[in-house]
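> Add 493 to the 1-based position in the sequence shown for the numbering used here, that's all there is to it.
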Amino acid sequence: MKAQFSFGKGGIEVSVPEGFRTQVILSHTAQGLPDEQAALYAALDAPIGCSPLLALAAGKKTAAISVCDITRPAPNSVTLPPVLNRLHQAGIPVEGITILIATGLHRGATQDEINTIVGAEIAAKYRIVSHDAKVLSDHVFLGETGRGTPVHIDRRFIDADLHITLGFIEQHLMLGFSGGRKLIAPGLAAQETIKVIHSPRFMREPMATEGSIASNPLHAELLEVARMARHDFMLDVTLTQDRKISGVFAGDPVKAHAAGVAFVEQTCLEHLEEPVDAVITSAAGYPLDLTFYQIVKGITAATHMVKPGGRILIVAQCAEGVGSPEFARRLSAMRDFKSFLEEIRTAPVEVDQWQLEKLALTGEKFDLFFYTPGVTRLSGRVGLRHPRRSHCRHPRRPPAKRPRSVSPRRPLHLRPRRNRSGRRLARFNLLRT
494 MKAQFSFGKG GIEVSVPEGF RTQVILSHTA QGLPDEQAAL YAALDAPIGC
544 SPLLALAAGK KTAAISVCDI TRPAPNSVTL PPVLNRLHQA GIPVEGITIL
594 IATGLHRGAT QDEINTIVGA EIAAKYRIVS HDAKVLSDHV FLGETGRGTP
644 VHIDRRFIDA DLHITLGFIE QHLMLGFSGG RKLIAPGLAA QETIKVIHSP
694 RFMREPMATE GSIASNPLHA ELLEVARMAR HDFMLDVTLT QDRKISGVFA
744 GDPVKAHAAG VAFVEQTCLE HLEEPVDAVI TSAAGYPLDL TFYQIVKGIT
794 AATHMVKPGG RILIVAQCAE GVGSPEFARR LSAMRDFKSF LEEIRTAPVE
844 VDQWQLEKLA LTGEKFDLFF YTPGVTRLSG RVGLRHPRRS HCRHPRRPPA
894 KRPRSVSPRR PLHLRPRRNR SGRRLARFNL LRT
């Protein structure tokens, strides 16, 4: 059997040997909207849970807009023009608007990437700046959350009269779902904040996982951070497989985001009768597979489909290599998953250790394999191995007719149903990320 997978910008064909009971699973999405611009304007003018954007902007002199960086396929060049139009109608001039690229601890955007992120026309006209989490003096300290997280947010965002975020909603390996509050923290937070919200305290919470919102302590923490930063208005969208807009959710940052999450849950549901022995998946292609750091999300998503001790193979281009210098150093020094997890349990948090922590937590339970041409030195590490065959066949053949699953386009999630005591039940729901 052969299947086409999302891989970089062009895709890749993966060959699976005969003799397996194989199921190809494609994530569901809603249909694309027939008129995206009309839907965007309608959402801005009749938002969820708050006044229209035009009314919120009236009397304001400045506005800050937080947008996703190059590692996220958010359609900013489509969603920004209606927002800018309404801000100008309210009297805010071009020079009063700052568009911040919410990098978190990712690198700043290049000029070519800025043109891709917001569109060349907007890039030439407006002030576009990349957030830098490592310069504490560029942030305003807003106090601590109830759980004790110090909150430092980009000064250029805080100093504006109106605070807006633009993003998109899909499942997220720690927060349950992306979008909304994530565009403020970690997006515009200083590393002093980011390290705390990515510490083992949150990373090892059972409910800090894909598809989990109501009982997710990290979600609750970031909502509190966003309130402290005066998150006034959000515009998030959902996307189809070919990244067209399928839904628009604007308004109150809590209520509108909740509506978007409900939409994703209702329209992107897939079913798998039982967990399988092995899964082959991707990280959804460019830009989500630019680095090894980013593709960890594809690995954690696949865990919801596999039996304990099962095997996961991810195919991802990793055109920019491993990721940040901090992550690369940590990955290079890691001897094995168990000792790494023990080492960081109580040690001061280092930049980007959390992604490796999520990988190690996964590697403790599953057998992991990688086809990552941009990263070639994994085979010597415990639990991090490349397939031996160039066509991505699974390196060890399971017994004939054992079930295996193939998720060609995007990582898919099995969300275990739970009873009121929190125990896992037998039925699983498969959700796209």
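Cβ coordinates follow ideal geometry from the N, Cα and C atoms, glycine included.
Note that this is a predicted model, so its numbers are computed, not measured.
Leu676 and Thr658: beta carbons closer than 7 Å?
Start at 1 with the first residue of the sequence shown, and residue 676 comes out as number 183. Start at 1 with the first residue of the sequence shown, and residue 658 comes out as number 165. Yes. Within cutoff.
> Using DSSP with H/G/I as helix, E/B as strand and the rest coil, what is Thr774?
One-based indexing of the sequence shown puts residue 774 at position 281. Strand at Thr774.
> Taking 6 Å as the limit between beta carbons, can you name the residues of its chain near Arg804, skipping five residues before and five after?
For the purposes of this step, residue 804 is taken as residue 311 along the sequence shown, with counting starting at 1. Hits under 6 Å: Ala771, Asp860.
> Thinking Ile594 and Ile621 are a contact (beta carbons under 8 Å), I'd like their distance in whole angstroms, please.
Locating residue 594 in the sequence shown gives position 101, counting from the first residue. Locating residue 621 in the sequence shown gives position 128, counting from the first residue. That belief holds up - the Cβ atoms of Ile594 and Ile621 are roughly 7 Å apart, short of 8 Å.
> Just curious, the alpha helix (DSSP H) that Ser623 is in, first and last residue?
Working through the sequence shown from its first residue, we reach residue 623 at position 130. Ser623: not part of any alpha helix (DSSP H); member of the beta strand (DSSP E) spanning 620–623, first to last residue.
> Using only alpha-carbon positions, find the residue among Thr774, Tyr779, Val844 that is nearest to Gln810.
Residue numbering aside, residue 810 sits at position 317 when the sequence shown is read from its first letter. Of Thr774, Tyr779, Val844, the residue nearest in Cα terms is Tyr779.
> In terms of alpha-carbon separation, which member of Glu857, Ser544, His599, Tyr619 lies closest to Ser832?
In the sequence shown, the residue the question calls residue 832 occupies position 339. Comparing Cα-Cα distances from Ser832 to each of Glu857, Ser544, His599, Tyr619, the minimum goes to Glu857.
> With a Cβ-Cβ cutoff of 7 Å, do Thr793 and Leu666 count as a contact?
For the purposes of this step, residue 793 is identified with residue 300 of the sequence shown, where counting begins at 1. For the purposes of this step, residue 666 is identified with residue 173 of the sequence shown, where counting begins at 1. Their beta carbons are under 7 Å apart, which means Thr793 touches Leu666 by this criterion.
> Ends of the beta strand (DSSP E) at Thr839?
If you number the sequence shown from 1, residue 839 lands on position 346. Per DSSP, Thr839 belongs to no beta strand (DSSP E) and is neither H nor E.
> Anyone know if the C-beta pair for Ile662 and Gly802 falls short of 7 Å?
Sequence index remark: in the sequence shown, residue 662 carries index 169 (1-based). Sequence index remark: in the sequence shown, residue 802 carries index 309 (1-based). With a cutoff of 7 Å on beta-carbon distance, Ile662 and Gly802 are scored as not near each other.
> Within a Cβ cutoff of 6 Å, which residues of the same chain sit near Pro540, ignoring the five residues on either side of it in sequence?
The residue given as residue 540 occupies position 47 in the sequence shown. Only Ala743, Gly744 meet the Cβ criterion.
> My output table needs one value for Leu728: the three-state DSSP class, helix, strand or coil.
Along the sequence shown, one-based indexing puts residue 728 at 235. Three-state DSSP puts Leu728 in a strand.
> Can you give, in chain order, each stretch of the alpha helix (DSSP H) that sits fully within the region 592–635 and has at least 4 residues?
604–611, 613–618
> Looking at C-beta atoms only, is the number of pairs between the region 729–739 and the region 515–533 that lie closer than 8 Å three or more?
A contact exists between the region 729–739 and the region 515–533.
> So what's Lys495 in DSSP terms, helix, strand or just coil?
In the sequence shown, counting from the first residue as 1, residue 495 sits at position 2. Of the three classes helix, strand and coil, the one that applies to Lys495 here is strand, per DSSP.
> Bridge partners for Ile646 per DSSP, in chain order?
Position 153 of the sequence shown, counting from 1, holds the residue named residue 646. When beta bridges are read from the DSSP output, Ile646 appears opposite Val633, Ala682.
> If you count every other CB in all the chains shown that lies within 10 Å of the CB of Arg697, and 16 or more means buried, which is it?
Position 204 of the sequence shown, counting from 1, holds the residue named residue 697. Its Cβ having fewer than 16 others within 10 Å, Arg697 is exposed.
> Buried or exposed, going by whether 16 or more other CB atoms sit within 10 Å of the CB of Val936?
There is simply no residue 936 to check, as the chain begins at 494 and stops at 926 in what is shown.
> For Arg828 and Glu850, I'd like the C-alpha separation in whole angstroms.
Walking along the sequence shown from the start, residue 828 turns up at place 335. Walking along the sequence shown from the start, residue 850 turns up at place 357. So the alpha carbons of these two residues sit roughly 13 Å apart.
> Would you identify the three-state DSSP class for Lys800, choosing helix, strand or coil?
Locating residue 800 in the sequence shown gives position 307, counting from the first residue. It is a strand residue.
> Within 8 Å, do at least three Cβ pairs link the region 713–731 to the region 811–820?
As far as the Cβ criterion goes, the region 811–820 does not touch the region 713–731, which means the pair count is below three.
> Using three-state DSSP, classify Thr733 as helix, strand or coil.
For this step, residue 733 is matched to residue 240 along the sequence shown. Coil at Thr733, not helix or strand.
> Rounding to the nearest angstrom, what Cα-Cα distance links Pro679 and Ile518 in this structure?
As a first step, residue 679 must be located in the sequence shown, where it is residue number 186. As a first step, residue 518 must be located in the sequence shown, where it is residue number 25. Rounded to whole angstroms, Pro679 to Ile518 spans 32 Å at the Cα level.
> Looking at the structure shown, is Asp860 part of a helix, part of a strand, or coil, going by DSSP?
Looking up residue 860 in the sequence shown gives position 367. In this structure, Asp860 counts as strand in the three-state DSSP scheme.
> Take Arg889 and list the residues in its own chain whose beta-carbon comes closer than 8 Å to its own, dropping the five residues that flank it on each side.
If you number the sequence shown from 1, residue 889 lands on position 396. Caution applies to Arg889, whose pLDDT of 38 falls short of 50 and renders its modelled position unreliable; the value that the coordinates give is listed next. The answer, listed in chain order, is Arg804.
> Rounded to whole angstroms, what's the CA-CA distance from Ser570 to Thr839? Just pull it up for me.
If you number the sequence shown from 1, residue 570 lands on position 77. If you number the sequence shown from 1, residue 839 lands on position 346. C-alpha separation (whole angstroms): 43 Å.
> Within its chain, find whatever has a CB closer than 7 Å to the CB of Gly525; leave out the 5 residues flanking it on each side and keep chain order.
On the sequence shown, residue 525 is found 32 positions in, with the first residue counted as 1. Same-chain partners within the cutoff: Thr733, Lys737, Ile738, Ser739.
> By how many angstroms is the C-alpha of His724 removed from the C-alpha of Gly673?
By one-based count along the sequence shown, residue 673 stands at place 180. By one-based count along the sequence shown, residue 724 stands at place 231. Between Gly673 and His724, the C-alpha separation is close to 9 Å.
> Would you be able to state if there are at least three C-beta pairs under 8 Å between the region 564–582 and the region 685–700?
no
> Taking buried to mean at least 16 other C-beta atoms within 10 Å of its own C-beta, is Ala701 buried or exposed?
Looking up residue 701 in the sequence shown gives position 208. The residue in question, Ala701, is buried, as its Cβ has 16 or more Cβ neighbours within 10 Å.
> If you pair each beta-carbon of the region 599–611 with each one of the region 549–564, do three or more pairs fall below 8 Å?
In short, these stretches touch, since the Cβ pair count reaches three.
> Starting from His691, follow the alpha helix (DSSP H) in both directions and report where the run begins and ends.
To locate residue 691, count along the sequence shown from 1; it is residue 198. Here His691 belongs to no alpha helix (DSSP H), and DSSP marks it neither H nor E.
> In whole angstroms, what separates the C-alpha of Gly542 from that of Thr869?
The residue given as residue 542 occupies position 49 in the sequence shown. The residue given as residue 869 occupies position 376 in the sequence shown. In a straight line, the C-alpha of Gly542 is about 49 Å away from that of Thr869.
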